[in-house]
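J.:
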Amino acid sequence: MRRAPAIEDNRWIKLVSHEHEHEKEKPLSEFLFAPPAPVSLTVAGQSARFPIHRIFCVGRNYEAHAKEMGVAADREAPFYFTKAAVHAVESGATVPYPPGTSSYHYEMELVVAIGKGGFRIAETDALDHVFGYACGLDMTRRDLQAAAKEKQRPWDLGKDVEQSAVAGTIAPAASIGHPSSGTIELRVNGVTKQSADISTMIHGVTAIIAHLSKYYHLQAGDLIYTGTPEGVGAVKAGDRLEGSVAGVGTVELELGAAE
Ligand code: MN
Numbered sequence: 277m278r279r280a281p282a283i284e285d286n287r288w289i290k291l292v293s294h295e296h297e298h299e300k301e302k303p304l305s306e307f308l309f310a311p312p313a314p315v316s317l318t319v320a321g322q323s324a325r326f327p328i329h330r331i332f333c334v335g336r337n338y339e340a341h342a343k344e345m346g347v348a349a350d351r352e353a354p355f356y357f358t359k360a361a362v363h364a365v366e367s368g369a370t371v372p373y374p375p376g377t378s379s380y381h382y383e384m385e386l387v388v389a390i391g392k393g394g395f396r397i398a399e400t401d402a403l404d405h406v407f408g409y410a411c412g413l414d415m416t417r418r419d420l421q422a423a424a425k426e427k428q429r430p431w432d433l434g435k436d437v438e439q440s441a442v443a444g445t446i447a448p449a450a451s452i453g454h455p456s457s458g459t460i461e462l463r464v465n466g467v468t469k470q471s472a473d474i475s476t477m478i479h480g481v482t483a484i485i486a487h488l489s490k491y492y493h494l495q496a497g498d499l500i501y502t503g504t505p506e507g508v509g510a511v512k513a514g515d516r517l518e519g520s521v522a523g524v525g526t527v528e529l530e531l532g533a534a535e
């Protein structure tokens, strides 16, 4: 059996004793620094929170919004972009006007909260995978998104914005069912800016889940922002946003001064 030189043994002992000293101050961890705390949302009627795994967003899912963006809606299949889960913000927050933009837009959306994972989910089974629904705001640096489109670059700077995925309390489908129609609205400082019906979505919730799950193993905790109707627009510091989807709930956001 090979024996390490005495000097190595001493070093090992030193390290061990050093670690033990350290242990008194702070518990040992397998991580170099504290991993981020889970990001989560409140759930109506229960104290347990909904931990967010990923955030998928559907683009151009209402005809009139696609038109106001100057593009044709994609009828054959939905398309997606993503936001990091750490960019989630709970309803009622005040967030600073973000850097790098002079056209920060609201997009009021119905959000689907996945409660049961699945891969290649049949459209007829899709609703079994939905835990509930929430109202969300897909806040967007529109000028940077437009510049990216122009140059055929990814949308990340326009869409994957810090504190840009705002969501209200999740209403469990067990309580509210699966809404397929109802008014979706957004007011800025009390003035209605967006008003449509979720029944006018091009790709409905079941179609989106069936399609998205061909590309991703959907997991409990995934959120899907289902797209915004027409009437998007820019906000400024001090603006108060309030959105609602009939039968689902509300979402609120206040814009603070730029950092
Ligand atoms: Mn959107």
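In the numbering used here, the protein residues as written are 277 to 535.
The beta-carbon is built from N, C-alpha and C at its ideal position, and this holds for glycine as well.
Which whole-angstrom value describes the C-beta separation of Tyr409 and Gly509, a residue pair presumed to lie in contact below a C-beta threshold of 8 angstroms?
T.: In the sequence shown, counting from the first residue as 1, residue 409 sits at position 133. In the sequence shown, counting from the first residue as 1, residue 509 sits at position 233. Wrong, their Cβ atoms sit about 24 angstroms apart, outside the cutoff.
J.: Report yes if the C-beta of Asp414 is less than 7 angstroms from at least one heavy atom of ligand 1; otherwise report no.
T.: As a first step, residue 414 must be located in the sequence shown, where it is residue number 138. Yes, since a heavy atom of ligand 1 falls inside the 7 angstroms radius drawn around the Cβ of Asp414.
J.: Are there 16 or more other CB atoms within 10 angstroms of the CB of Glu461, so buried, or fewer, so exposed?
T.: Locating residue 461 in the sequence shown gives position 185, counting from the first residue. So Glu461 ends up on the buried side.
J.: What residues are listed by DSSP as bridge partners for Glu399?
T.: Counting from one through the sequence shown, the residue named residue 399 turns up at place 123. Partner(s): none; Glu399 has no beta bridge.
J.: Do Ala486 and Ala353 have their CB atoms nearer than 8 angstroms?
T.: Residue mapping note: residue 486 aligns to position 210 of the sequence shown, counting from 1. Residue mapping note: residue 353 aligns to position 77 of the sequence shown, counting from 1. Cβ atoms of Ala486 and Ala353: not closer than 8 angstroms.
J.: Would the beta-carbon of Gln439 fall within 8 angstroms of that of Val371?
T.: Within the sequence shown, numbered from 1, the residue matching residue 439 stands at position 163. Within the sequence shown, numbered from 1, the residue matching residue 371 stands at position 95. Against a cut-off of 8 angstroms, the Cβ pair of Val371 and Gln439 comes out as a contact.
J.: Under a Cβ-count criterion, where at least 16 other Cβ atoms within 10 Å of its own Cβ denotes burial, should Leu531 be classed as buried or exposed?
T.: Here residue 531 is taken as the residue at index 255 of the sequence shown, counted from 1. With 16 or more other Cβ atoms within 10 Å, it is buried.
J.: Can you tell me where the beta strand (DSSP E) with His381 in it begins and where it stops?
T.: The count along the sequence shown starts at 1 and reaches residue 381 at position 105. Residues 380–382.
J.: With Arg418 and Val437 assumed to form a contact (beta carbons below 8 angstroms), what rounded beta-carbon distance in angstroms separates them?
T.: Working through the sequence shown from its first residue, we reach residue 418 at position 142. Working through the sequence shown from its first residue, we reach residue 437 at position 161. That belief does not hold up - the Cβ atoms of Arg418 and Val437 are roughly 11 angstroms apart, past 8 angstroms.
J.: Do you know offhand how far Ala447's Cα is from Gly507's?
T.: Translated into positions along the sequence shown, residue 447 becomes position 171. Translated into positions along the sequence shown, residue 507 becomes position 231. Their backbone Cα atoms lie some 25 angstroms apart in a straight line.
J.: Name the DSSP beta bridge partners of Gln470, please?
T.: On the sequence shown, position 194 is the one that residue 470 refers to. Leu462, per the DSSP bridge assignment.
J.: Determine the extent of the beta strand (DSSP E) in which Asp414 is found, giving its start and end residues.
T.: Locating residue 414 in the sequence shown gives position 138, counting from the first residue. Counting along the chain, the beta strand (DSSP E) containing Asp414 begins and ends at 406–414.
J.: Which class does Val521 belong to by DSSP, given the choice of helix, strand or coil?
T.: Numbered from its first residue, the sequence shown carries residue 521 at position 245. Looking at Val521 - three-state DSSP - the assignment turns out to be strand.
J.: Using a 10 Å radius around the Cβ and a threshold of 16 neighbouring Cβ atoms, would you call Pro375 buried or exposed?
T.: Indexing the sequence shown from 1 puts residue 375 at position 99. Answer is exposed; the Cβ neighbour count stays below 16.
J.: Given this structure, state the Cα-to-Cα distance separating Pro430 from Ala424, to the nearest angstrom.
T.: Your numbering for residue 430 matches position 154 in the sequence shown. Your numbering for residue 424 matches position 148 in the sequence shown. One C-alpha to the other measures close to 6 angstroms.
J.: Going by CA-CA distance only, name the one from Met415, Tyr373, Asp401, Cys411 that's closest to Ala389.
T.: Residue mapping note: residue 389 aligns to position 113 of the sequence shown, counting from 1. Among Met415, Tyr373, Asp401, Cys411, the Cα nearest to that of Ala389 belongs to Cys411.
J.: With C-beta atoms as the reference, is Leu403 less than 8 angstroms away from Val442?
T.: To locate residue 403, count along the sequence shown from 1; it is residue 127. To locate residue 442, count along the sequence shown from 1; it is residue 166. Not closer than 8 angstroms, so no.
J.: Taking the alpha-carbon positions, what's the His405 to Thr358 distance?
T.: Here residue 405 refers to the residue found at position 129 when the sequence shown is read from its first residue. Here residue 358 refers to the residue found at position 82 when the sequence shown is read from its first residue. Computed Cα separation, rounded: 20 angstroms.
J.: Go through its chain and collect everything with a Cβ distance to Ala340's Cβ below 6 angstroms, but skip five positions before and after it.
T.: For the purposes of this step, residue 340 is taken as the residue at position 64 of the sequence shown. Once the five neighbours on either side are set aside, the close Cβ partners of Ala340 are Glu506.
J.: Within the present structure, is the beta-carbon of Cys333 separated from the nearest heavy atom of ligand 1 by less than 7 angstroms?
T.: Your numbering for residue 333 matches position 57 in the sequence shown. Because some heavy atom of ligand 1 lies under 7 angstroms away, the Cβ of Cys333 counts as near it: yes.
J.: Please look up how many angstroms separate the CB atoms of Gly444 and Ile328, rounded, as I've assumed it's under 8 angstroms.
T.: Within the sequence shown, residue 444 is the residue found at index 168, counting from 1. Within the sequence shown, residue 328 is the residue found at index 52, counting from 1. Not confirmed; about 13 angstroms, so no contact.
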